[in-house]
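A.B. asks: Using numbering that gives the first Met the number 0, read the sequence shown as starting at 0 and increasing by one per residue. Would you mind keeping the following structure in view while I ask a few things?
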Amino acid sequence: MAAAAGLNQRLICAGDALQEKGPGLRFTVERHGVSEPAFVVRFRGQVHAYLNRCAHVPVQMDWQQGEFFDHSGLYLICATHGALYAPESGRCLGGRCNGKGLFALTVAEHDGQVFLIEEGD
Ligand code: FES
Numbered sequence: 000m001a002a003a004a005g006l007n008q009r010l011i012c013a014g015d016a017l018q019e020k021g022p023g024l025r026f027t028v029e030r031h032g033v034s035e036p037a038f039v040v041r042f043r044g045q046v047h048a049y050l051n052r053c054a055h056v057p058v059q060m061d062w063q064q065g066e067f068f069d070h071s072g073l074y075l076i077c078a079t080h081g082a083l084y085a086p087e088s089g090r091c092l093g094g095r096c097n098g099k100g101l102f103a104l105t106v107a108e109h110d111g112q113v114f115l116i117e118e119g120d
């Protein structure tokens, strides 16, 4: 899949590196000249990526490196105060995120690989 005009795709990982509701993969993205932490997970067969930054206080969410799902595997959870987010949208579902969601990143999976789709120069 060729990247659309003005968009770049950056390889993040092999698709089979992400198990359904399993550990996420941490990576970094350059935004406005700043390197920011991010993560990608697989939920209901699809890959979803977000900045690794809670909407309550801008800290990283994983309770152990790469562990973003709560014990049920149905929600993304912030390790600091327990805010819950929808894995497929990043929407705040409960807790101290107070209705403010995660910052979603555009990712695509094809040919057995997962790519970050970034704005091109
Ligand atoms: S910092 Fe995430 S819930 Fe408070």
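Glycine included, every Cβ here is placed at the ideal spot set by N, Cα and C. Remember, it's a predicted structure, so these values are computed and weren't measured experimentally.
If you drop the 5 nearest sequence neighbours on each side, which residues of the same chain put their C-beta closer than 7 Å to that of Q112?
C.D. replies: L10, A13, G14
A.B. asks: Exposed or buried, what is G72 when buried is set at 16 or more other beta-carbons lying within 10 Å of its beta-carbon?
C.D. replies: Counting the other Cβ atoms within 10 Å of the Cβ of G72 gives fewer than 16, which makes it exposed.
A.B. asks: If you measure from the CB of H70, is any heavy atom of the ligand FES nearer than 7 Å?
C.D. replies: No.
A.B. asks: By how many angstroms is the C-alpha of I116 removed from the C-alpha of M0?
C.D. replies: Summary for M0: the model assigns pLDDT 48, below 50, so the residue's position carries little reliability, and this model does not support an answer.
A.B. asks: Kindly list the residues whose CB is nearer than 8 Å to the CB of E87, restricted to its own chain and excluding five residues on each side of it in sequence; keep chain order.
C.D. replies: F42, R43, Q45, H47
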